[in-house]
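Below you'll find the structure, written out as structure tokens, and then a few comments.
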Amino acid sequence: MSNLFDSDSPTNLAEYSVSELSGSIKRTVETAFDQVRVRGEISGYRGPHSSGHAYFALKDDRARIDAVIWKTTFSRLKFRPEEGMEVIATGKVTTFPGSSKYQIVIETLEPAGAGALMALIEERKRKLGAEGLFDAARKKRLPFMPKVIGVVTSPTGAVIRDILHRISDRFPVHVLVWPVKVQGEGSGEEVANAIRGFNGLEPGGTIARPDVLIVARGGGSLEDLWSFNDEIVVRAAAESRIPLISAVGHETDWTLIDYAADIRAPTPTGAAEMAVPVKAELEAQLAALAARLQGCMSRQMDQRRQSVRGLMRALPSLDQLLALPRRRFDEAAAGLGRGLELNTVNKRRGFERVAAHLRPDVLSNRIAERRQRLNERIVRAERMVERLIDRSASRLQRAEAVLASLPARLKTQTDRSRERLGNLSRHADTAIRHQLTRARAELSAQDRVLQSLSYKNVLKRGYAVIRDEEDRPVSQAAGLSAGAAVSIEFADGRIGAVTTEGGMPPVALKKRPAKQEAGDPPKQGSLF
Numbered sequence: 000m001s002n003l004f005d006s007d008s009p010t011n012l013a014e015y016s017v018s019e020l021s022g023s024i025k026r027t028v029e030t031a032f033d034q035v036r037v038r039g040e041i042s043g044y045r046g047p048h049s050s051g052h053a054y055f056a057l058k059d060d061r062a063r064i065d066a067v068i069w070k071t072t073f074s075r076l077k078f079r080p081e082e083g084m085e086v087i088a089t090g091k092v093t094t095f096p097g098s099s100k101y102q103i104v105i106e107t108l109e110p111a112g113a114g115a116l117m118a119l120i121e122e123r124k125r126k127l128g129a130e131g132l133f134d135a136a137r138k139k140r141l142p143f144m145p146k147v148i149g150v151v152t153s154p155t156g157a158v159i160r161d162i163l164h165r166i167s168d169r170f171p172v173h174v175l176v177w178p179v180k181v182q183g184e185g186s187g188e189e190v191a192n193a194i195r196g197f198n199g200l201e202p203g204g205t206i207a208r209p210d211v212l213i214v215a216r217g218g219g220s221l222e223d224l225w226s227f228n229d230e231i232v233v234r235a236a237a238e239s240r241i242p243l244i245s246a247v248g249h250e251t252d253w254t255l256i257d258y259a260a261d262i263r264a265p266t267p268t269g270a271a272e273m274a275v276p277v278k279a280e281l282e283a284q285l286a287a288l289a290a291r292l293q294g295c296m297s298r299q300m301d302q303r304r305q306s307v308r309g310l311m312r313a314l315p316s317l318d319q320l321l322a323l324p325r326r327r328f329d330e331a332a333a334g335l336g337r338g339l340e341l342n343t344v345n346k347r348r349g350f351e352r353v354a355a356h357l358r359p360d361v362l363s364n365r366i367a368e369r370r371q372r373l374n375e376r377i378v379r380a381e382r383m384v385e386r387l388i389d390r391s392a393s394r395l396q397r398a399e400a401v402l403a404s405l406p407a408r409l410k411t412q413t414d415r416s417r418e419r420l421g422n423l424s425r426h427a428d429t430a431i432r433h434q435l436t437r438a439r440a441e442l443s444a445q446d447r448v449l450q451s452l453s454y455k456n457v458l459k460r461g462y463a464v465i466r467d468e469e470d471r472p473v474s475q476a477a478g479l480s481a482g483a484a485v486s487i488e489f490a491d492g493r494i495g496a497v498t499t500e501g502g503m504p505p506v507a508l509k510k511r512p513a514k515q516e517a518g519d520p521p522k523q524g525s526l527f
């Protein structure tokens, strides 16, 4: 009791340490404000910290209070806080003794009414629209008859059943369902991942790539459909290379994915109707087109048939077409015999003109020229062979001289070269013999031709050649006068004679032809 009235203490108040006072204030505040609801505007929000906690402030026009959302609570929020958003936060007020500050630990967070959510949606719509995500030029046309349809929705509920039932009734195709959450924390990320996952499938892969996508959900409040207003979902829908149909909520419900999608359906059932045509209608249309095609073909065939009949009537008859060719054929047949005779006469005249130039002396001169040319070639060939032999001999001598100085191991190679040289020499001799043989055969052929054209072969058949006093052949009787001395050459020799006036020849000749020496051959005259 003496301490209470110590003369050194100026007052009788109890003394506390800083920690005790801070702890007392903390307990008092937490007891008085254990559960409160605070309405205010989010300020200083930069997203979750690296630890997973979120730190920001709530303010109004006159005051400001710090706020924190722990990591476990943040993962359960239905929507993400954003800078400037007006919210209603529920939690407890506590102090932070390290800096003498107080803050509210938020346990639940919700927008401050539908008006705030709509304002947030409008702000996000303006932002994404400015980036061009809602432009009509980006939108793709739906395929008329898709083979595979991808559906992004909850695997349970009436939505997927309505879509499958409607597709089965209209036009049964293969349907791939990507199950996702369509409400609550993380649903937006799942929907965006599903859209990107379908786009990531390779055409012709193990899992067929859809030709069209349907993002569907049943009706609900603005908060229930909030996942389809997330920026990540809108961007995924805008980036989709596969045509996308948005079927979120009822006809009066609008979300931001409806603006980014290629087409919006009022209901999930309406999306199924937009995705596939009606098979029965297609069959009926096909039957109608087939009937029209058949009718057109029939009418066209009738028109063509009538046209062909008209052309047939305009064509002349077979007799008219063949009249002129028949007449030309008869005229040609009538003149064929005379034409053959004239052709034969012309050919005979041409032959006689050519035969007039065929004289034995020309053939003899040509044979002599060929024989001289052949002899010259033979001489040149012999000279070439001699030079080749001399050159080969000189090479052989040089090779033998070189071999004499080379080591014994090169002797085998020298023998081979000598053997090859001998073979070449033999081949050269053989080639020369063959060339001479061909030349002799050619000369014999020319001689046979000369013999076949010689007039002596004609004399052997009983004819004779008559020559005048100058030893010129006489081909006509008008070329001789009476009493002219002539010589007659038969196949076996010559005799002299004197011409008369068409009677018997005189007993003796007026003039004998010059006696030929025994060794001289008879002079060769002309056949003509």
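To convert, note that position 112 of the sequence shown is 111 in numbering that gives the first Met the number 0; the numbers rise steadily by one, no gaps. In this text, a Cβ means the ideal position worked out from N, Cα and C, and glycines have one as well.
Nonlocal neighbours in the same chain, by C-beta distance under 6 Å from V17, ignoring five residues either side: For V17, where only same-chain residues beyond five positions count, there are no Cβ hits under 6 Å.
DSSP-derived helix/strand/coil call for Q102: strand
Inter-stretch contact (C-beta, 8 Å, three-pair minimum) for the region 115–125 and the region 72–90: yes
Rounded C-alpha distance that separates L224 from F78: 11 Å
For L452 and D491, the rounded distance between their alpha carbons: 18 Å
DSSP three-state assignment for G492, whether helix, strand or coil: strand
Minimum C-alpha distance to L442 - residue among G156, N374, T72: N374
Alpha-carbon spacing of A236 relative to R123, whole angstroms: 15 Å
Terminal residues of the alpha helix (DSSP H) in which P142 lies: For P142, there is no enclosing alpha helix (DSSP H), since its DSSP letter is neither H nor E.
Sequence ranges, alpha helix (DSSP H) only - wholly within the region 371–404, length at least 4: As summarised for the region 371–404, there are no continuous alpha helix (DSSP H) elements at least 4 residues long confined to that stretch.
Collapsed DSSP secondary structure at L449 in the structure displayed: DSSP places L449 in helix when its eight states are reduced to three.
Exposure of I148, with buried meaning 16 or more beta-carbon neighbours within 10 Å: buried
Residue nearest to I494 in terms of C-alpha spacing, selected from A481, D467, L76, T266: Per the Cα distances, D467.
Where the alpha helix (DSSP H) through F350 begins and ends: Where F350 is concerned, the enclosing alpha helix (DSSP H) stretches over 335–355.
When S167, H173, S239 are compared against A191, the one with the closest alpha-carbon: S239
Inter-residue spacing [alpha-carbon to alpha-carbon] between L357 and K459: L357 and K459 have their C-alpha atoms spaced approximately 20 Å apart.
Endpoints, beta strand (DSSP E) assigned at R216: 211–216
Anticipated Cβ contact below 8 Å, S245 with R234, distance rounded: About 14 Å; that fails the 8 Å criterion.
Straight-line Cα distance separating S153 from P178: 5 Å
Assigned secondary structure, V506 (DSSP; H/G/I helix, E/B strand, else coil): Bear in mind that the predicted position of V506 carries a pLDDT of just 49, short of 50, making it unreliable; the figure below should be weighed with that in mind. V506: coil per DSSP, three-state reduction.
Of the residues V104, L200, T251, the one placed nearest V35, counting alpha carbons only: V104
C-alpha gap between A380 and F350, whole angstroms: 41 Å
For T94, three-class secondary structure by DSSP: DSSP places T94 in strand when its eight states are reduced to three.
Cutoff 8 Å; reference V275; Cβ partners in own chain excluding five residues on either side: M144, P145, I148, I166, R169, F170, V172
Length at least 3, wholly inside the region 278–338: the beta strand (DSSP E) runs in chain order: none
Inter-residue spacing [alpha-carbon to alpha-carbon] between D134 and A259: The straight-line gap from Cα to Cα measures roughly 8 Å.
Identity of the residues DSSP links to H173 by a beta bridge: H173 is bridged to V147.
Short Cβ contact (8 Å threshold) for A66 with F73: no
Same chain, Cβ closer than 6 Å to T89, five either side skipped, listed in chain order: R36, E106, T107
Exposure label - E19; buried when at least 16 CB within 10 Å: The residue is exposed, with fewer than 16 neighbouring Cβ atoms inside 10 Å.
Cβ distance (whole Å) where R216 is taken to contact V158 below 8 Å: 6 Å
Extent of the continuous beta strand (DSSP E) to which A193 belongs: Note, A193: premise wrong, no beta strand (DSSP E); alpha helix (DSSP H) at 186–198.
Backbone secondary structure at S245 - three-state DSSP: If DSSP states are grouped into helix, strand and coil, S245 belongs with the strands.
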